[in-house]
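Quick notes on the structure that follows.
Number of protein chains: 2
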Amino acid sequence: MTESKRKNKPAQDAVGIANRLHSAAIHLLRRLRVRDLASGIGPAQLSALSVLVFGGPRSLGELAEAEQVRPPTMSRIVGGMERAGLARRRTTEDKRRIRLEATAKGTKILHEGRKRRVESLALALESLTEPEIKRLSELAELLEQVLSKL
Amino acid sequence: MTESKRKNKPAQDAVGIANRLHSAAIHLLRRLRVRDLASGIGPAQLSALSVLVFGGPRSLGELAEAEQVRPPTMSRIVGGMERAGLARRRTTEDKRRIRLEATAKGTKILHEGRKRRVESLALALESLTEPEIKRLSELAELLEQVLSKL
DNA sequence: ATAAATTAGTTAGTATAGCTAACTATATTT
DNA sequence: AAATATAGTTAGCTATACTAACTAATTTAT
Numbered sequence: 001m002t003e004s005k006r007k008n009k010p011a012q013d014a015v016g017i018a019n020r021l022h023s024a025a026i027h028l029l030r031r032l033r034v035r036d037l038a039s040g041i042g043p044a045q046l047s048a049l050s051v052l053v054f055g056g057p058r059s060l061g062e063l064a065e066a067e068q069v070r071p072p073t074m075s076r077i078v079g080g081m082e083r084a085g086l087a088r089r090r091t092t093e094d095k096r097r098i099r100l101e102a103t104a105k106g107t108k109i110l111h112e113g114r115k116r117r118v119e120s121l122a123l124a125l126e127s128l129t130e131p132e133i134k135r136l137s138e139l140a141e142l143l144e145q146v147l148s149k150l
Numbered sequence: 151m152t153e154s155k156r157k158n159k160p161a162q163d164a165v166g167i168a169n170r171l172h173s174a175a176i177h178l179l180r181r182l183r184v185r186d187l188a189s190g191i192g193p194a195q196l197s198a199l200s201v202l203v204f205g206g207p208r209s210l211g212e213l214a215e216a217e218q219v220r221p222p223t224m225s226r227i228v229g230g231m232e233r234a235g236l237a238r239r240r241t242t243e244d245k246r247r248i249r250l251e252a253t254a255k256g257t258k259i260l261h262e263g264r265k266r267r268v269e270s271l272a273l274a275l276e277s278l279t280e281p282e283i284k285r286l287s288e289l290a291e292l293l294e295q296v297l298s299k300l
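So the protein sequences, as listed, match chains D and G. No gaps in the numbering here: position 102 of the first sequence is 102 in my numbering, and each next residue is one more. Just remember that my numbering sits 150 ahead of the position in the second sequence, which is counted from 1.
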């Protein structure tokens, strides 16, 4: 994959890029997952918690959608988060709905975990040159943009 | 998180970029995972299978290390792969060891799955402009480079 | 040459995380 | 008032992750 161009067709390149991005994402998360285990909280709970912390309180259905899982799955994840004291259920005017919010403990743990998780990646980034870092920053943004179209 | 810079210290930026990359990777895989389900094979099996297909046969311990899981976990994953006809165990000279290899069926399914999985991403990429695609290609490369330092 | 230690994998038991189907309770529509 | 729709939960299945404890084979040490 040392990237000599045989074809300039963007469509062709898109598949190659997609493959590389996919592969890179898998490897990235697998490495970082190891660090997550230190928090003693599973990845699904951690990810759901981050939605509550950074995105604010919301209903179970909304959280399920944000996390791309089915409601029963989210129901269990939330159960675990509650047991661990990371989040709580609140009743709402519409009594079918619940309002989920992060506890202070959940918020604290998330921030600590996120920091720990990301710090090894940040360290690796620092071995790059300034312009490379800058480019990587721009491209991270581009990636999120692409994902929003997925 | 709209990221105005209070500090220009690259170390600070690296954390921000690392966070965004981490987040993007999570979202990317979560979206693509949906497509993987079509194959009827779980993500761990799919990932292990890809090691066998693209990296060639190897022992259970080696596969476990490549996949960053413990041997008992890999033992189960392989069990599932065998039941599904995706891989097989072969005896070796050292009778403690086993040699794992992908079956023809496993190889075929992996290639099909990979294609299907990546094609929606490729489609999203095509909605970008030429220079954006080019930049994203650089990201993939740079990202792999960073990962190799992780 | 045997005993001890190491190595490779499996088995057992537990927890999390995903699904569908079926249920309860509340709200909305007819 | 009855029917329908919506929000969550419960039940039951599977996959994936762990540690601890086991078996079998090989290697090392006595």
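For each residue, glycine too, the CB sits at the ideal point set by N, CA and C.
Using a Cβ-Cβ cut-off of 7 Å, Ala164/G is close to Ala122, Leu125, Glu126, Ile133 of chain D, given in chain order. Scanning the segment 268 to 298 of chain G for uninterrupted alpha helix (DSSP H) segments of 4 residues or longer gives 280 to 297, listed from N- to C-terminal end. In the three-state scheme derived from DSSP, where H, G and I count as helix and E and B as strand, Ile98/D is classed as strand.
Membership of Ala198/G in any beta strand (DSSP E) is not indicated; the residue belongs instead to the alpha helix (DSSP H) covering 193 to 205. Within chain D, the residues Leu29, Ser47 have their CB atoms less than 7 Å from the CB of Ile176/G, given in chain order. If the five residues before and after Val296/G are omitted, its C-beta is found closer than 7 Å to no C-beta atom of its own chain. Chain D has a Cβ within less than 9 Å of the Cβ of Ile167/G. Interface with chain D (9 Å Cβ-Cβ cutoff): Val268/G is included. Counting only Cβ-Cβ distances below 8 Å, His111/D has no contacts in chain G at all, with the closest Cβ about 11 Å away.
The C-beta of Val296/G comes closer than 9 Å to at least one C-beta of chain D. For a Cβ distance threshold of 7 Å, nothing in chain G lies close to Ala87/D: the least Cβ distance comes to about 19 Å. Taking the C-beta atoms as reference points, Arg31/D is found nearer than 9 Å to Ser120/D.
Residues of chain G with a Cβ closer than 8 Å to the Cβ of Ser137/D are, in chain order, Asp163, Gly166, Ile167, Arg170.
For Ala164/G, the secondary structure class from DSSP, reduced to helix, strand or coil, is helix.
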